[in-house]
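Chemist:
Protein chains in written order, with the working numbering: chain R, 124 to 505; chain S, 1384 to 1908.
See below:
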């Protein structure tokens, strides 16, 4: 393995890890979606919003960093997918914009459109944000409708755009593939499961804990059904394989099953992840349910990480083109130069330090659970 | 059919520009206050930490509440901007992603997490963490916000002055060869220093203005006076630094973006010992054929433009006509000549791509050598042809001229307001020192209304920087027409209006909440 190929694999791992952390942090969105299911009174909803409000910036920042890191390490994906699947990404952006302000503005006097509107913003973000992200990631396995032709850049006076989308639906057509929808629903219900577990972990209140536990189970069932269905179809599906010597891409039956067999450590990661998520769900029923988030959270990171690695490692096209197979994106043909990946690898040395201070601040802030009294007395409230 | 397609394409370019400009304008309505107020809060909390005086805690918490109202919406609009590089400017993302993406990623890893982690501690940690940890969190939030500004401004500086890279015909994109050249380019450094210090000025004017309102209402006078002192000192230092870095920026622009400088000055015919126009009224575009014909009225200081641009009162400053038509005496190529050379470079790229498709290794090798800075023919080609690559996409020489009146007037609003703010801080400090601030109520009104001027000046600065470099997304290498995504104009229009409606609603909400919070004032424990 050359240094360049090693760096391409390293950066796909970093992207996968950021994606996995992002899905875990979608517990904020999941919790928002449960706002009116778990919070039956204004005070209870305030407690929920304040519990989630202390973490929403992490999800947001991870999303931004995920985008930035993808741009930096695999710019051809950025220019192809974002410029092509225009409607999907714009919709995702829209539902995240309304989230950012909702926390700060919802209970402030003179907030123009009323508390209820901001709660609706949180709910829309909770449902649509998770579902759309999951559906968009589904296309990493099922493909999308684009072509890539660098020759276009020389087309003076004509159409110079290198990456072009071949359907007028601009990414919305991904909703027509049931596998994408299954992954979207899996992410949606998983976020709600994690959201319920987070509320159990953070809020010291019997009513909220009881309802959170109930909704943990209500959402766990469709999550398991959707995810198992997705996983089975994925493992039975064909995939797009790339010949690393020639760069030629071809269809390979059972590609993702082959990937699992070729990378046993990814297989172990996937199994451990799924078991941990399920263990967290079961633990949520017990008196020690407030610790469930850590099992399901760690399991989510492991599972999603393994799925991203399945998509990109073992000579697989991680963004297959349905319009022109040879335009499919792989970690080899879409990455930044060796120099840029090297520079960024030095910067990535900071990541453990970043994780350490996040962990420290998280623990400092969550040492004491949120209570009704605190929400009634605190100075800065959402 | 082809005509319709061409019209639609130009509309896509215009609407994509409009969408990006609109998002950037809204983003910059919120960001400067975050950048500067973060430090002002940190100064105040440091005073609380050192003295233990509850007055400072209460004052800090008041300004922190206003910080919070402003903070989230800046993040929201920033998210859109980041992704619009991809959604609206697909070719741009490809052409420069190898260089431009790195600062964005570093911004996320290094700055955003710092900000996101500690802002939660800052808002919610008063009774949960120690005083020292809370103070650290407040400083970290301010530093994190400013670090994020560093990286995005480095990226922007690189767009204005692309350095530290080479073009790779194999990938049809520019690739980074020196991270330090990108980070430490004079444009990037000036851009960062000028932009953040101007943001500090805006924040200081905001605090001075709000404090003036309290003094006018005879409420919270002690808090208002102390806040005014902190903000005026901070603002004065920042305003002087803004002026210095602005002067440096002018000098750098003269070298790397002469058209922007000419547009800023409405200078049509280049001249030695060029004067700096202090005020002037431009004639309509068709009448602006030369220096004498450009203005209805103009007041200028002789030789000052040459002196400021080149540190030489008799230096030659190129005008718009020189840059469009060329000026052999000054060694300036015409835009048409640059367009031809740009097309030669683009044709070479096409030759490489065709040879690649046909597997013609000899031609590929020959063309690759032309794009290589390591070969003699490469150095010659890069210097005389590739540097004009973007000109090859232009349809006429006049395409390189930006909107002169917009740049000209914006520049004067920015500079005029900047000079006024130095006066504002100086007068306020003098009045506070003499304890006479409440005697001059009209000046308190001036201080209050200066808030609007600060926002106007801040936006005007970005208009100068960004409109002034049209039509380039990357100076001389990639114009907007070759950078845009192939989306139909209707789609971009729809998202434009959705975001206009959303951002305007949120802006109204922000202003209403902010006003209400100011009226409520600091809370009593």
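C-beta: ideal position from N, C-alpha, C; glycine also.
#1: Is there at least one Cβ from chain S nearer than 9 Å to residue 191/R's Cβ?
#2: Can you name the start and end residues of the alpha helix (DSSP H) that residue 1663/S belongs to?
#3: If you pair each beta-carbon of the segment 1849–1864 of chain S with each one of the segment 1768–1787 of chain S, do three or more pairs fall below 8 Å?
#4: Got a sec? Which residues, its chain only, sit under 8 Å from residue 364/R by beta carbon, not counting five neighbours each side?
#5: Could you give the residue range of the alpha helix (DSSP H) that holds residue 1683/S?
#6: Anyone know if the C-beta pair for residue 403/R and residue 147/R falls short of 9 Å?
#7: Cβ of residue 358/R less than 9 Å from any chain S Cβ?
#8: In angstroms, rounded to a whole number, what distance separates the CA positions of residue 1704/S and residue 1474/S?
#9: May I ask you to list, following chain order, the residues of the segment 1753–1771 of chain S that have a beta carbon less than 7 Å from some beta carbon of chain R?
#10: In whole angstroms, what is the alpha-carbon distance linking residue 1483/S and residue 281/R?
#11: Can you give the beta carbon distance from residue 1793/S to residue 1847/S, rounded, assuming they're within the 8 Å contact cut?
#12: Would you kindly check if the distance between the Cβ of residue 1510/S and the Cβ of residue 1576/S is under 9 Å?
#13: Would residue 1674/S count as contacting chain R if we go by Cβ distances under 9 Å?
#14: So with CB distances below 8 Å, who are the chain R contacts of residue 1452/S?
#15: Report buried or exposed for residue 334/R, applying the criterion of at least 16 other Cβ atoms within 10 angstroms of its Cβ.
#16: Who does residue 326/R pair with in a DSSP beta bridge?
#17: What would DSSP say about residue 1399/S, mapped onto helix, strand or coil?
#18: Within its chain, find whatever has a CB closer than 6 Å to the CB of residue 133/R; leave out the 5 residues flanking it on each side and keep chain order.
#19: Should residue 1527/S and residue 1507/S be called a contact, given that it needs their Cβ atoms to be closer than 9 Å?
#20: Would you please state the rounded distance, in angstroms, between the beta carbons of residue 155/R and residue 245/R? I believe it to be under 8 Å.
#21: Using a Cβ-Cβ cutoff of less than 7 Å, which residues in the same chain neighbour residue 175/R once the five nearest sequence positions on both sides are dropped?
#22: Check distances from the C-beta atoms of the segment 124–149 of chain R to those of chain S and list, in chain order, the residues that come in under 8 Å.
#23: Starting from the N-terminal side, write out each stretch of the alpha helix (DSSP H) that is 4 residues or longer and does not extend beyond the segment 194–260 of chain R.
#24: What does a CB cutoff of less than 7 Å around residue 443/R pick up in its chain, not counting 5 residues either side in sequence?
#25: What separation, rounded to the nearest whole angstrom, lies between the Cα atoms of residue 1395/S and residue 253/R?
#26: Anyone know if the C-beta pair for residue 1874/S and residue 235/R falls short of 9 Å?
#27: Pull up the DSSP beta-bridge partners for residue 1710/S, would you.
#28: Assuming residue 290/R and residue 270/R are in contact, meaning their beta carbons sit under 8 Å apart, how far apart are those beta carbons, in whole angstroms?
#29: Residue 1500/S versus chain R: which residues are under 7 Å apart at the beta carbon?
#30: Whole angstroms is fine: what's the gap from residue 485/R's alpha carbon to residue 314/R's?
#31: Sort out for me which residues DSSP pairs residue 287/R with in a bridge.
#32: What is the DSSP secondary structure of residue 1671/S, reduced to helix, strand or coil?
#33: At the 9 Å Cβ level, is residue 1893/S part of the contact set with chain R, yes or no?
#34: Does the segment 1602–1622 of chain S come close enough to the segment 1545–1552 of chain S that 3 or more CB-CB pairs lie under 8 Å?
#35: Tell me, please, which residues DSSP counts as bridged to residue 1699/S.
#36: Can you check which of these residues, 1743/S, 1737/S, 1738/S and 1728/S, is closest to residue 1753/S by C-alpha distance?
Modeler: A quick look at the data gives this:
#1: yes
#2: Per DSSP, residue 1663/S belongs to no alpha helix (DSSP H); it is in the beta strand (DSSP E), 1659–1665.
#3: In short, these stretches touch, since the Cβ pair count reaches three.
#4: The beta carbon of residue 364/R sits closer than 8 Å to those of 372, 373, 374, 375, 378, 438, 439 and 440, all from its chain and outside the five residues before and after it, given in chain order.
#5: That residue, residue 1683/S, is in no alpha helix (DSSP H); its beta strand (DSSP E) goes 1678–1684.
#6: no
#7: no
#8: Roughly 30 Å between the two C-alpha positions.
#9: Going along the segment 1753–1771 of chain S in chain order, one finds no residue with a Cβ nearer than 7 Å to chain R.
#10: 26 Å
#11: 5 Å
#12: no
#13: no
#14: 227, 228 and 231
#15: buried
#16: 493/R
#17: Helix, per DSSP.
#18: none
#19: No. Outside cutoff.
#20: 4 Å
#21: 151, 154 and 155
#22: none
#23: 209–228 and 238–247
#24: 266, 363 and 451
#25: 30 Å
#26: For the pair residue 1874/S and residue 235/R, the CB atoms are not nearer than the 9 Å cut-off.
#27: Its beta-bridge partners are 1715/S.
#28: With a Cβ gap of about 11 Å, residue 290/R and residue 270/R do not count as contacting.
#29: 480, 481 and 484
#30: 20 Å
#31: 270/R
#32: coil
#33: yes
#34: Short answer: they don't touch.
#35: 1655/S
#36: 1728/S
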